Amino acid sequence: MQQHGDVRRRRRRVLSCLACRRRKIKCNREQPCQHCVQTQQPCNYQGPPSPQQWQIPKSIEQPREHNWRAVVFSSENSTPDAPSEVAARHRATATPPPLLQSPPASQPTPALTNVGTTQESQPSNFLAQLPNHDDRLFNRKSAAHDSKIVLDKTRILRWSHWMGAGQEFGPIFACYMETLGPQPESLLSPDAKAVLREAAELLQQCKRLARSSKIWRPSRLFSVQGYDLVPPNHAVANTAAAEYFRYFESTIRILHIPSFWRSYEKFWENENAVKMETKLTILLVIAIGSSLQAGSNASTASPSVAQVHQWIYAAQAWLAGPLEKDRLDIGGLQVYCLVIIARQIYSVGGDLVWMSLGSLLHRAMQLGLHYDPKHFQGMSIFKGEIRRRLWYTILELLTQAALDTAMPPRISTEEFDTEPPSNINDCDLEEDTRVLRAKPESEYTDSSLQLHLVHALTPRMRIVRFLNAIKTDLSYPQAMSLSSGLNAAQRRTTLALHRYGDEISPFQRNMVDFLLRRFVVPLHSPFACEARTTPAFHYSLKACSEASLALINPEPDARFSRLLDVAGGLFREGLRSANTALSLDLIIQTKTQQADGTLQRTRSVRDALKQSVVDMLQRCDVRIQNGETNVKSFVFLSMVLAMTDSMERGIPCEMPIAESAKTSLTHCYGILERNMSSIGTNTPTESGFPSTGLDMGDLGFDMGMDCFFSDTGFS
8 MQQHGDVRRR
18 RRRVLSCLAC
28 RRRKIKCNRE
38 QPCQHCVQTQ
48 QPCNYQGPPS
58 PQQWQIPKSI
68 EQPREHNWRA
78 VVFSSENSTP
88 DAPSEVAARH
98 RATATPPPLL
108 QSPPASQPTP
118 ALTNVGTTQE
128 SQPSNFLAQL
138 PNHDDRLFNR
148 KSAAHDSKIV
158 LDKTRILRWS
168 HWMGAGQEFG
178 PIFACYMETL
188 GPQPESLLSP
198 DAKAVLREAA
208 ELLQQCKRLA
218 RSSKIWRPSR
228 LFSVQGYDLV
238 PPNHAVANTA
248 AAEYFRYFES
258 TIRILHIPSF
268 WRSYEKFWEN
278 ENAVKMETKL
288 TILLVIAIGS
298 SLQAGSNAST
308 ASPSVAQVHQ
318 WIYAAQAWLA
328 GPLEKDRLDI
338 GGLQVYCLVI
348 IARQIYSVGG
358 DLVWMSLGSL
368 LHRAMQLGLH
378 YDPKHFQGMS
388 IFKGEIRRRL
398 WYTILELLTQ
408 AALDTAMPPR
418 ISTEEFDTEP
428 PSNINDCDLE
438 EDTRVLRAKP
448 ESEYTDSSLQ
458 LHLVHALTPR
468 MRIVRFLNAI
478 KTDLSYPQAM
488 SLSSGLNAAQ
498 RRTTLALHRY
508 GDEISPFQRN
518 MVDFLLRRFV
528 VPLHSPFACE
538 ARTTPAFHYS
548 LKACSEASLA
558 LINPEPDARF
568 SRLLDVAGGL
578 FREGLRSANT
588 ALSLDLIIQT
598 KTQQADGTLQ
608 RTRSVRDALK
618 QSVVDMLQRC
628 DVRIQNGETN
638 VKSFVFLSMV
648 LAMTDSMERG
658 IPCEMPIAES
668 AKTSLTHCYG
678 ILERNMSSIG
688 TNTPTESGFP
698 STGLDMGDLG
708 FDMGMDCFFS
718 DTGFS
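Take the sequence shown: its position 603, counted from the start at 1, is 610 in our numbering, and no numbers get skipped.
See below:
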């Protein structure tokens, strides 16, 4: 008789692969098996662990040879869906990568034994069963000891780049690599290679047009002396400034509204009597506000893109003046914040603002903004509130830029004690204010939207710190915990915005939602990429898809739609991450339904995802017409649609992908050529700009929406 405590264990050898065992289908036991080749997924063979391993659990950390960037972007993974490479990888690997395993059928587990009695404790038990460290998902070690960190044009690759290197994009990646040059080991057909050679020539022609459209930039004309700081006429300036305060200032607090309008009136009374700081502030406010005006409806007297670029470069040069202590004050910080926002909207180095924000953070800390004003004796209430607003605006911009560049935020919550600003209207705050009467949180004021962003700042800073840390591993329980904190803050904000009703506009709701929701995609994307082979991560795939759909389909609003059609920086990066996540989900859904035999029966979810990709393709087309010079986002979304369409029709996808690349590049080249002809001449004038000037529809932007792959080819 078996003694108490002994457990009967199954010792029969397991011959099927893990994927076939999970689906309970017959496996032909090859490497890879026929089922895994058809569904284009990894085929792993792994027998049950020995009884000793189940009786005495050991936590032994395996040596890590590569960090997550090297694993994802190594050249050997360039076409992971190719069957021959999959087989070669299995032959070369002695032990397959670890997966989420279950104990043998005869071995009881706490999660299984309590499923009928402790239903409420199931989520915590489920998280406890997940591995804290899974080298396939998120490997990191010190970059100083890693020789395979990938640089893209001298920069570390961003999150949206490596998200596009998943196995599902293998055929698209193979076609893209062929456009960069002939690949000796390519498995593409000769017909597909011939089409891609034509596409490669079109891609080079598009790049030549893009380079030609940028020669007028002030940074490329070092002989230019001075800047054109002439404002538009008074009526146009009034409209643009009002747009700024109605839509931007209410979300990203920088200025005190009554003080600005007093300085604004003095500026128009005598332009030469105001300080350069005031003049630059007014010009930048006009520039940001004018970005919301549609090109077809904008006045001919509105500032052109070329003129706005001059203002931005002038403000940047003024801030960079060496040993100018008069710029190390609150006014200088306000100009700096306005420059950061204008650079992102007009794509003047919008993807490099993280470096500039480091200087801005240091200036703010040098001025003591990381200490709450209560520590400074004699400081007025007015100055204290302005300092609190500016500090949290700087932290907001820094956190957003850290997410975009996959860099640490450079500051933690333990390094400042500045309290959030008070919930007041600017008309109730003046320089002689002696008593501050803050409104209740439920009442809408000029500071309400910033306060909601401040409440959600801590979970977002934690997410960025975990995502971009070098020596810290992110486990799935940690990711779920971070996600819960962000979801709670987001729900609180959403309910408050609905309570405000008509007091806030759809633009403001969209802006707050965009600044919060975009953190969900990078947080869950590492696990969403593994959801097809690891069902425990299905929630991450769902969270990525829902957040991406919300980002690309905001509440209808003409101004916010205009912003997404032209802006770079954090707006571009947010759309790029959503593009990649939705494309990945569309391909996964198509492959899964193809393997299950339900491709033609369950189309609703797949059709909704496909329509979202089509909508983003149309937005990319509009962005190119508005001045976008990088065409790769349009091309790759076209290739994704061609790939899914060929899978639905049951035909090989190589040729459709190659033809879609050629067709989309031909379309983009036509748009770029028309935009170039509208510029007229590229001969710089004395001011360093084309003699014909530019408007919002000209090639003034460099948004670089290469939403899947970088120019380096991940090599």
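Glycine is no exception: its CB is placed at the ideal position from the N, C-alpha and C atoms.
Bear in mind the structure is a predicted one, so any value in this text is a computation, not a measurement.
At a Cβ-Cβ threshold of 8 Å, residue 345 and residue 400 do not count as neighbours. For the set 456, 551, 550, 464, the Cα lying nearest the Cα of residue 504 is the one of 456. Bounds of any alpha helix (DSSP H) do not take in residue 574, whose DSSP letter is neither H nor E. Rounded to whole angstroms, the separation of the alpha carbons of residue 481 and residue 473 is 6 Å.
Take the alpha-carbon of residue 556 and the one of residue 548: they are about 12 Å apart. Each residue's CA atom was taken as its position, placing residue 553 and residue 534 some 15 Å apart. When rounded, the separation of the alpha-carbon atoms in residue 361 and residue 426 is 24 Å.
Within its own chain, the residues whose Cβ lies closer than 8 Å to the Cβ of residue 422, once the five positions on either side in sequence are excluded, are 377, listed in chain order.
In the assembly as shown, residue 614 is an exposed residue. Its beta-carbon has fewer than 16 other beta-carbons within 10 Å.
Distances from the CA of residue 206 to each of 319, 219, 184, 39 were compared; the closest alpha carbon is that of 184. By the neighbour-count definition (other C-beta atoms within 10 Å, threshold 16), residue 258 is a buried residue.
The alpha-carbon of residue 566 is positioned some 16 Å away from that of residue 293.
By the neighbour-count criterion, in which a residue is buried when 16 or more other Cβ atoms sit within 10 angstroms of its Cβ, residue 249 is exposed.
For residue 316, the enclosing alpha helix (DSSP H) starts and ends at 312–326.
Taking a contact to require three or more Cβ pairs closer than 8 Å, the stretch 367–374 and the stretch 332–341 qualify as touching.
If you draw a straight line from the Cα of residue 443 to the Cα of residue 436, it comes to about 8 Å.
Three or more Cβ pairs closer than 8 Å define a contact, and the stretch 405–415 falls short of that threshold against the stretch 439–453. One alpha carbon belongs to residue 285, the other to residue 382, and they sit about 29 Å apart.
Comparing C-alpha distances from residue 463 to each of 494, 28, 487, 488 shows the shortest one belongs to 494.
If you compare the alpha carbons of 347, 445, 441 with that of residue 407, the shortest gap goes to 347. When DSSP states are grouped into helix, strand and coil, residue 443 belongs to the coil group. Taking each of 195, 518, 313, 589 in turn and checking the Cα distance to residue 550, the smallest one comes out for 589. Residue 297 holds the alpha-carbon nearest to the alpha-carbon of residue 352 among 403, 649, 297. Fewer than three beta-carbon pairs drawn from the stretch 268–277 and the stretch 484–493 are found closer than 8 Å, and the two stretches are therefore not classed as touching. Per DSSP, reduced to three states, the secondary structure at residue 452 is coil, with no helix or strand assignment. Straight across, the Cα-Cα distance linking residue 530 with residue 438 is about 43 Å. Counting along the chain, residue 471 sits inside the alpha helix (DSSP H) bounded by residues 464–475.
The Cβ-Cβ distance between residue 616 and residue 593 falls below 8 Å. Counting only the Cα atoms, residue 517 lies some 23 Å from residue 631.
Going by DSSP, residue 358 is part of no alpha helix (DSSP H) at all; its letter is neither H nor E.
Taking residue 661 as reference, the option from 398, 561, 199 with the minimal CA-CA separation is 199. Apart from the 5 residues on each side of it in sequence, residue 673 sits with its Cβ closer than 7 Å to the Cβ of 209 in its chain, given in chain order. Counting along the chain, the unbroken alpha helix (DSSP H) around residue 293 starts and ends at 283–297.
When DSSP states are grouped into helix, strand and coil, residue 604 belongs to the coil group.
Residue environment analysis places residue 468 among the buried positions, since at least 16 neighbouring C-beta atoms fall within 10 angstroms of its C-beta. By alpha-carbon distance to residue 242, the top candidate from 309, 235, 193, 524 is 309.
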